[in-house]
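Read through the structure below, which is laid out as structure tokens, and then see the notes.
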Amino acid sequence: MNKKIMALFTMLILVLSTFSAFAVSEDDDSGNTDVEEIEDEDLDEAKEQGTIARCVNFLKNKYPRVRPAKFREICKNLDDKMENEDLASGQAKNMLKIENDRFKNFAKLNQNQKERLMKFNEKAKDKLANLREDHIEKLAQIKTDRLRKMTNLDEDKLAKIAALDEELIEKLQYLDRERLKEFAELSEEEIKEKLSNFKLKKVDQAMKFKNRVLPKEKMNQAMERFEKAKDKFDEAKEKYGQAKERFRNAVDSGNEEDAIEGAKEFLGHSADVVISSLEKIKEKIEGNENLDEDEAAEAIADIDAKIAEMEDLKESLEAATSKEEIKEVAKEITSSWNRMKNRVLIHAQNVVKSGVGQILSRSENLETRLDKILAEMEESGIDVEDLDEKVDDFSALVNDARESFKEAEELFDEAKEMRSSENTDEEKEKIKDLIDQSKELTKDAHEDLKEAHNLLMEIVKEVKAKGGDIDVDDDEVEDEYELEEDEDETDETDDDDEDESEEDEEESEEDDACTEDVDCETDEVCTEGVCEDVEEDEEELDGDTCTEDADCETDEVCTENVCVDSEKDEEESGDNETEEE
1 MNKKIMALFT MLILVLSTFS AFAVSEDDDS GNTDVEEIED EDLDEAKEQG TIARCVNFLK
61 NKYPRVRPAK FREICKNLDD KMENEDLASG QAKNMLKIEN DRFKNFAKLN QNQKERLMKF
121 NEKAKDKLAN LREDHIEKLA QIKTDRLRKM TNLDEDKLAK IAALDEELIE KLQYLDRERL
181 KEFAELSEEE IKEKLSNFKL KKVDQAMKFK NRVLPKEKMN QAMERFEKAK DKFDEAKEKY
241 GQAKERFRNA VDSGNEEDAI EGAKEFLGHS ADVVISSLEK IKEKIEGNEN LDEDEAAEAI
301 ADIDAKIAEM EDLKESLEAA TSKEEIKEVA KEITSSWNRM KNRVLIHAQN VVKSGVGQIL
361 SRSENLETRL DKILAEMEES GIDVEDLDEK VDDFSALVND ARESFKEAEE LFDEAKEMRS
421 SENTDEEKEK IKDLIDQSKE LTKDAHEDLK EAHNLLMEIV KEVKAKGGDI DVDDDEVEDE
481 YELEEDEDET DETDDDDEDE SEEDEEESEE DDACTEDVDC ETDEVCTEGV CEDVEEDEEE
541 LDGDTCTEDA DCETDEVCTE NVCVDSEKDE EESGDNETEE E
């Protein structure tokens with residue numbers, strides 16, 4: 001009996017010990033826990049186990065003190081995350097496959113070329129992607145800004161250009177937007193034929209916008225001399241008008257001695273007007289970097305010769321004492337002016353033309369700079385489609401100016417080649433007409449460039465608003481090469497002829513506003529800042545001075561070297577001797 005009781009008591013103690021151990025393992029925080037931190041690398045490895053059960057077993061072995069329930073929760077979350085990642089990965093792979101199919105023709109490009117093309121806008125990328133592989137390879141050699149300019153063409157026109165040989169493509173990439181569009185409209189054979197007239201020319205960075213380099217001091221001195229010549233011209237014109245009035249009064253009074261002195265004074269000041277006008281043009285040439293050394297030297301030598309000729313005539317005039325001698329000098333002055341008149345017009349037009357040529361050259365360079373800025377902005381993810389449209393308009397205006405300027409140069413050269421010391425009156429009139437046409441076309445080019453400049457200011461404002469930057473006053477040359485149209489070689493003219501600048505520039509003044517005669521029309525002079533009709537002055541030099549009635553108008557006669565109304569002369573003839581010129 002005692003043995004049975006003792007055995008039962010021992011079993012009870014064993015059961016209680018087991019229950020106590022179980023209670024501690026389930027409820028005591030000093031045993032298994034949820035708060036122990038699991039390392040990130042262990043979570044990564046657990047995620048790779050493949051199933052939730054394997055994940056739990058892996059973590060249990062790593063962290064035996066953590067409750068298995070916690071592991072199940074962790075592994076379930078990891079499994080959900082893996083499913084999402086697998087789904088995203090699958091979608092990404094599908095997208096990548098689609099992209100790879102879309103741009104499969106980019107496959108032969110190097111990594112740098114691919115990355116560069118993939119930064120183009122979607123329209124441009126689609127156009128490129130639809131080209132043949134070998135054509136894409138050719139275009140991928142072109143700099144980003146130039147290639148981007150080409151992708152603005154319609155897809156069929158881009159394909160036409162891409163099919164050309166590399167030499168032709170190399171030329172086309174240097175064309176501005178407007179001319180590129182014009183070439184793209186042509187057939188392949190027409191493109192080849194037209195491009196044969198163009199050549200690539202390495203740009204002289206220092207001489208891009210000038211034909212010679214002058215020391216600043218020399219340019220300043222030329223400007224000072226020009227201002228003095230301008231003052232001298234204004235003074236000579238005023239004295240000329242006063243002397244002319246005194247001369248007429250002397251003629252009217254019938255005092256022959258006063259008439260002779262008045263004629264000498266009047267003719268002397270008319271020569272001064274011519275001399276000071278020549279000096280103004282000379283100083284403009286002296287300080288002009290847009291004319292090359294040879295043509296500037298020839299023009300200055302020609303002007304100096306004309307000034308010397310007038311100075312000699314002034315001396316002859318001063319020495320004249322009789323009416324006959326004065327008549328002879330007057331005839332020589334008129335003849336001299338008629339011989340040099342067209343030459344003076346050509347020198348003056350060349351200075352104006354050189355100014356507009358420089359503006360044109362700078363505008364072309366600015367278009368290239370705009371293309372580079374837009375390419376950089378697009379690479380940065382900025383939408384520039386609206387700016388592209390405005391740059392297209394800018395290019396069209398510059399091209400219009402280029403066409404007008406080119407025609408103006410052709411007419412100018414034709415006038416220059418016609419000029420000689422043996423020109424007939426009809427030929428002289430033809431030369432004057434050619435110069436007038438050249439001047440009008442130069443003015444048209446300048447108007448287009450002014451409109452282009454206004455549009456440029458709008459573009460610059462929008463570029464800056466979008467986060468880009470451009471300095472329109474910077475003279476940095478954007479391209480190492482430029483495309484230049486070959487010009488026919490022309491025979492050299494006689495020694496009396498002068499070479500004229502073919503590219504140049506200087507802004508013309510507003511239509512009627514001026515600072516000098518060259519700012520005005522051919523038949524105008526600059527007087528007090530305004531262009532005024534010069535016909536009266538020319539008549540005073542060419543018509544008022546005369547040697548015979550044939551030199552005067554139909555209703556005038558030549559009297560005392562001056563053309564006067566025939567009716568007035570008839571009235572005076574009753575009281576005075578007949579006056580002739």
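With my numbering, letter number 203 in the sequence shown gets 203, and the count goes up by one each step, no holes. All C-beta atoms in this analysis are idealised placements derived from N, C-alpha and C, irrespective of residue type, glycine included.
query                                                                                                                                                                      : result
Excluding the five sequence neighbours on either side, which residues of its own chain have a C-beta within less than 8 Å of the C-beta of Lys-202, listed in chain order? : Glu-480, Tyr-481
Near Gly-262, what residues of its chain come up, given a Cβ to Cβ distance below 6 Å and the 5 sequence neighbours on each side ignored?                                  : Arg-246, Phe-247, Ala-250
Pick helix, strand or coil for Leu-109, following the three-state DSSP scheme.                                                                                             : coil
Could you please give the first and the last residue of the uninterrupted alpha helix (DSSP H) stretch that includes Leu-175?                                              : No alpha helix (DSSP H) contains Leu-175, which DSSP labels as neither H nor E.
From Asn-342 to Leu-449, what does the alpha carbon distance come to, in whole angstroms?                                                                                  : 28 Å
If you draw a straight line from the alpha carbon of Lys-47 to that of Asn-112, how long is it in whole angstroms?                                                         : 37 Å
Here's the rule I'm using: 16 or more other beta-carbon atoms within 10 Å means buried, otherwise exposed. How should Gly-50 be labelled?                                  : exposed
Taking the alpha-carbon positions, what's the Glu-155 to Glu-478 distance?                                                                                                 : 27 Å
Determine the direct distance from the alpha carbon of Asn-110 to that of Glu-462, and round the result to whole angstroms.                                                : 35 Å
Provide the residue span of the alpha helix (DSSP H) that contains Phe-103, from first to last.                                                                            : Unbroken run through Phe-103: none, as it is neither H nor E.
Is the region 134 to 148 touching the region 372 to 388, taking contact as three or more C-beta pairs under 8 Å?                                                           : yes
Return the bridge partner residues of Phe-198 from the DSSP annotation.                                                                                                    : Glu-485
May I ask you to report which of helix, strand or coil DSSP gives Val-251?                                                                                                 : helix
In terms of alpha-carbon separation, which member of Glu-37, Ile-382, Val-460, Lys-353 lies closest to Glu-122?                                                            : Ile-382
Do Phe-233 and Lys-280 have their C-beta atoms closer together than 9 Å?                                                                                                   : yes
Ordered along the chain, which non-local residues of its own chain (more than five positions away) have a Cβ less than 6 Å from that of Tyr-240?                           : His-269, Ser-270, Val-273
Leaving out five residues on either side along the sequence, give the residues of the same chain with a beta carbon under 7 Å from the beta carbon of Leu-158.             : Lys-127, Met-150, Thr-151
Per DSSP, what kind of secondary structure is Val-66 in: helix, strand or coil?                                                                                            : strand
Mind checking which residues open and close the alpha helix (DSSP H) that includes Arg-419?                                                                                : First-last for Arg-419: undefined, no H or E at that position.
Alpha carbon to alpha carbon, what distance is there between Glu-115 and Glu-41?                                                                                           : 35 Å
Using 8 Å as the threshold, is the region 381 to 395 in touch with the region 458 to 473, meaning 3 or more CB pairs across them?                                          : yes
Along the chain, where does the alpha helix (DSSP H) that runs through Thr-321 open and close?                                                                             : It is not in any alpha helix (DSSP H) - Thr-321 carries neither H nor E in the DSSP assignment.
Since Lys-192 and Leu-168 are thought to touch, with beta carbons under 8 Å apart, how far apart are those beta carbons, to the nearest angstrom?                          : 6 Å
Under 9 Å between the Cβ atoms of Ile-431 and Ala-415?                                                                                                                     : yes
For Gln-358, is the classification buried or exposed, using 16 other Cβ atoms within 10 angstroms of its Cβ as the cut-off for buried?                                     : buried
Assuming contact is defined by CB atoms lying nearer than 9 Å, are Glu-309 and Ser-336 in contact in what I supplied?                                                      : yes
Which value, in whole angstroms, describes the spacing of the CA atoms of Lys-104 and Gly-467?                                                                             : 34 Å
I'd like to know whether the C-beta atoms of Ser-395 and Asp-165 end up nearer to each other than 9 Å.                                                                     : no
Take the Cβ of Asn-454 as the centre, count every other Cβ of all protein chains shown within 10 Å, and call the residue buried at 16 or more, exposed below.              : exposed
Quick one: grab the DSSP three-state call for Gln-437.                                                                                                                     : helix
How would you write the range of the alpha helix (DSSP H) that Val-472 sits in, first residue to last?                                                                     : Note, Val-472: premise wrong, no alpha helix (DSSP H); not H, not E.
Going by Cα to Cα distance, which pick from Cys-75, Arg-54, Ile-38, Asp-80 is closest to Arg-65?                                                                           : Ile-38
Thinking Glu-485 and Phe-198 are a contact (beta carbons under 8 Å), I'd like their distance in whole angstroms, please.                                                   : 5 Å
Can you give me the Cβ contacts of Lys-143 inside the same chain, cut-off strictly under 7 Å, excluding the 5 residues immediately before and after it?                    : none
With distances taken from CA atoms, which of Val-352, Lys-216, Leu-374 is nearest Lys-119?                                                                                 : Leu-374
What span of residues does the alpha helix (DSSP H) with Ile-382 cover, start to end?                                                                                      : From DSSP, Ile-382 is part of no alpha helix (DSSP H); its letter is neither H nor E.
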